[in-house]
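Peer 1:
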């Protein structure tokens with residue numbers, strides 16, 4: 005069992021954890037504030053990946069410089085989706101009664117549209133590029149530079165978000181809406197404006213994560229879906245709407261996945277992720293750290 | 004439409020569909036088979052999800068189990084017994100799943116059903132890989148016409164079942180649960196038993212359909228038999244047609260098969276994009292579905 009003690013595995017798990025943390029954060033924000041189940045979240049990740057890919061392979065732009073561009077595109081997409089589809093839905097009581105089921109179906113439609121528009125535009129081929137894949141030695145660990153960058157940037161952005169939610173007015177407003185939607189509007193928070201900001205921020209984070217992911221793995225129009233699933237496992241495990249909980253859950257899932265695959269075999273990855281998923285839903289639907297909630 | 008004229012209409016449609024293999028080309032027959040298959044699947048889905056409001060995103064798991072039972076029983080059991088056994092297996096599977104899963108409500112139920120379907124898929128993939136079987140072939144399956152008639156029977160059965168349940172006491176119970184589960188429980192509806200019974204019933208027909216379609220495909224590949232696309236298509240049909248009355252899913256299936264025939268072979272991406280757009284539009288603007296909308300238009304005076 006030497007392999008389990010290797011630092012290599014630890015670094016892999018940490019890298020995956022920081023990616024998962026980023027992807028799940030955006031998903032959790034959108035769910036927490038508006039009760040919308042964004043199953044198209046992984047497709048935004050995928051689009052971020054394509055931005056970095058085309059930037060690098062067509063124009064020779066470093067993926068690190070593509071990151072703001074990808075975030076901007078994600079943000080724009082989030083704004084458009086909110087204004088075009090969800091503002092109306094959240095206003096109209098007939099539609100917001102079963103908002104979770106309805107939003108899931110709408111986002112599912114968006115997800116199919118994005119996947120197939122991408123497939124039409126760029127073909128369904130797997131695409132990858134090599135960027136900073138030189139192996140460096142840090143202490144006793146050999147690791148590619150790009151993975152260190154992912155770890156640093158991913159963890160850095162998660163930290164920035166934590167500061168943002170803790171210490172800024174906009175961040176506090178978002179947390180207030182997550183905790184008590186009606187009370188938040190009573191104390192003078194412009195809920196619609198914050199909803200818009202959440203869409204912009206959540207989608208931008210997903211696209212950012214996509215650029216990071218494209219540095220180490222190949223992308224295709226269908227690469228986003230597994231990330232959607234992992235992100236759902238994480239936010240349910242961490243507690244829907246619980247931002248800190250989802251960061252902890254991201255670390256847990258990444259470790260379960262990396263070590264589970266190392267112990268058993270790679271073909272068990274899906275069984276493992278879905279197994280954790282089902283177990284959490286059945287045993288602790290309120291999340292690992294959640295108080296018991298009224299299931300609506 | 005009164006109940007009597009509805010039954011007459013259904014009988015005429017059934018008779019006409021039964022004659023398709025006699026008069027039609029193989030191409031027309033396979034299109035009609037697809038239409039009946041999706042009708043049967045969407046009707047059985049609506050029986051539970053349409054009436055209860057518990058949206059299941061994992062109906063493909065029953066379809067896949069049916070197909071798996073068929074290939075395992077191939078040349079062990081007579082074909083049509085294997086189809087019945089598949090239905091039984093689907094029902095038993097749903098019954099044992101329903102007990103823990105149906106306590107979970109709302110969005111949790113939706114993603115739980117999806118998770119279970121995917122989990123089961125990967126378990127079957129692993130079992131098959133462990134057995135060293137990558138893709139099983141079925142040689143000497145029944146003719147297209149025979150399979151068509153079998154699927155027609157399934158579609159008719161699920162239509163009749165849905166219509167009967169909807170008018171029955173248990174149907175009234177499940178519709179009450181959709182409106183307000185706590186209130187339904189307080190007026191004496193055994194909500195758990197009602198949900199479990201309908202969830203189990205709704206799994207039998209897709210399992211039998213999966214068994215028959217394994218014969219049609221003449222091979223079994225778990226990634227395909229348990230494909231989540233099947234679940235998504237079923238939900239889309241239910242949303243497009245309307246899942247509250249028996250004609251809804253049939254209209255939805257007809258509509259979907261039509262655009263799929265027009266587009267799928269030539270431009271699969273365009274077909275999928277169109278499907279996505281339709282889904283968004285229907286959820287936002289026509290949540291009652293095609294049939295529900297027609298129904299509202301036909302009876303403005305009563306409302």
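Protein chains in written order, with the numbering used here: chain A, 5 to 300; chain B, 4 to 306.
For each residue, glycine too, the CB sits at the ideal point set by N, CA and C.
#1: Taking residue 67 (chain B) as the reference, give the member of B:210, B:264 and B:238 with the closest Cα.
#2: Can you give, in chain order, each stretch of the alpha helix (DSSP H) that sits fully within the segment 249-278 of chain B and has at least 4 residues?
#3: Going by Cα to Cα distance, which pick from B:166, B:269 and B:172 is closest to residue 7 (chain B)?
#4: Nearest chain A C-beta to residue 109 (chain B) closer than 7 Å, yes or no?
#5: Looking only at its own chain, which residues have a Cβ that is under 8 Å from the Cβ of residue 293 (chain B), when we skip the five neighbours before and after it?
#6: Kindly confirm or deny that the segment 55-71 of chain A and the segment 209-224 of chain A touch, where touching means at least three C-beta pairs closer than 8 Å.
#7: Any Cβ of chain B within less than 7 Å of the Cβ of residue 106 (chain A)?
#8: If the cut is a Cβ gap below 7 Å, which residues of chain B does residue 279 (chain A) touch?
#9: List, in chain order, every chain B residue whose beta-carbon is nearer than 8 Å to that of residue 123 (chain A).
#10: With 7 Å as the threshold, decide whether the Cβ of residue 225 (chain A) is near any Cβ in chain B.
#11: Pick from A:153, A:154, A:39 and A:233: whose alpha carbon is nearest that of residue 45 (chain A)?
#12: Identify which residue in B:48, B:122 and B:277 has its Cα closest to the Cα of residue 262 (chain B).
#13: Name the chain A residues whose beta carbon is nearer than 9 Å to that of residue 235 (chain B)?
#14: In the segment 197-226 of chain B, which residues sit with their C-beta less than 8 Å from some C-beta in chain A, listed in chain order?
#15: For residue 221 (chain B), count neighbouring C-beta atoms within 10 Å of its own C-beta (all shown protein chains included) and say buried if the count is 16 or more, exposed if not.
#16: Using beta-carbon positions only, say whether residue 306 (chain A) and residue 278 (chain A) come within less than 7 Å of one another.
#17: With 8 Å as the C-beta to C-beta threshold (strictly closer), list the residues of the segment 281-296 of chain B near chain C in chain order.
#18: Nearest to residue 12 (chain B) by alpha carbon, out of B:272, B:159 and B:295?
#19: Compile a chain-ordered list of the residues in the segment 235-249 of chain A whose CB is closer than 7 Å to at least one CB of chain B.
#20: Should residue 177 (chain B) be flagged as near chain A, meaning a C-beta pair shorter than 7 Å?
#21: At what residues does the alpha helix (DSSP H) containing residue 96 (chain A) begin and finish?
#22: Note the first and the last residue of the continuous alpha helix (DSSP H) segment covering residue 152 (chain B).
#23: Could you confirm whether any beta carbon from chain B is found closer than 7 Å to the beta carbon of residue 120 (chain A)?
#24: Look up residue 299 (chain A) in the DSSP assignment and say whether it is helix, strand or coil.
#25: Would you give the residue range spanned by the beta strand (DSSP E) that residue 128 (chain B) belongs to?
#26: Do residue 185 (chain A) and residue 169 (chain A) have their beta-carbon atoms positioned less than 7 Å apart in this structure?
#27: Count the other CB atoms, across all protein chains shown, that sit within 10 Å of the CB of residue 300 (chain A); report buried if there are 16 or more and exposed otherwise.
#28: Assuming contact is defined by CB atoms lying nearer than 7 Å, are residue 45 (chain B) and residue 237 (chain B) in contact in what I supplied?
#29: If contacts are defined as beta-carbon pairs under 8 Å, then residue 22 (chain A) and residue 114 (chain A) qualify, I think. What distance do you get, rounded to the angstrom?
#30: Could you name the residues of the same chain whose beta carbon sits closer than 8 Å to that of residue 148 (chain A), not counting the 5 residues immediately before and after it, in chain order?
#31: By how many angstroms is the C-alpha of residue 297 (chain B) removed from the C-alpha of residue 305 (chain B)?
#32: Closer than 8 Å by beta-carbon distance: list the chain B residues that pair up with residue 275 (chain A), in chain order.
#33: With distances taken between CB atoms, is the gap from residue 107 (chain B) to residue 115 (chain B) smaller than 7 Å?
#34: What is the DSSP secondary structure of residue 202 (chain A), counted as helix, strand or coil?
#35: With a threshold of 7 Å between beta carbons, is residue 138 (chain B) in contact with chain A?
#36: With a CB to CB cut of under 6 Å and the five nearest residues on each side skipped, what residues in its chain are close to residue 224 (chain B)?
Peer 2: On the basis of the data shown:
#1: B:210
#2: 250-266
#3: B:166
#4: yes
#5: 243, 244, 245, 251, 254, 255 and 258
#6: yes
#7: yes
#8: 122
#9: 272
#10: no
#11: A:233
#12: B:277
#13: 112 and 116
#14: none
#15: exposed
#16: The requested residue 306 (chain A) is not part of the displayed model; chain A covers only 5 to 300.
#17: Note that chain C does not occur in the displayed structure, where the protein chains are A and B.
#18: B:159
#19: 236
#20: no
#21: It is not in any alpha helix (DSSP H) - residue 96 (chain A) carries neither H nor E in the DSSP assignment.
#22: 147-170
#23: yes
#24: Any reading at residue 299 (chain A) must be qualified, since the residue scores a pLDDT of 38, below 50, and its modelled position is unreliable; the value itself is stated next. Coil, per DSSP.
#25: Note, residue 128 (chain B): premise wrong, no beta strand (DSSP E); alpha helix (DSSP H) at 109-133.
#26: no
#27: Only weak support exists for where residue 300 (chain A) lies, its pLDDT of 34 falling under 50; the coordinates are left without a value.
#28: yes
#29: Residue 22 (chain A) to residue 114 (chain A), Cβ: 26 Å. No contact.
#30: 136, 137, 138, 139, 140 and 220
#31: For residue 305 (chain B), the predicted model reports a pLDDT of 49, less than 50, meaning its position is unreliable; a value from the coordinates is still stated below. Near 14 Å, if we compare the C-alpha coordinates of residue 297 (chain B) and residue 305 (chain B).
#32: 122, 125, 126 and 129
#33: yes
#34: helix
#35: no
#36: 138
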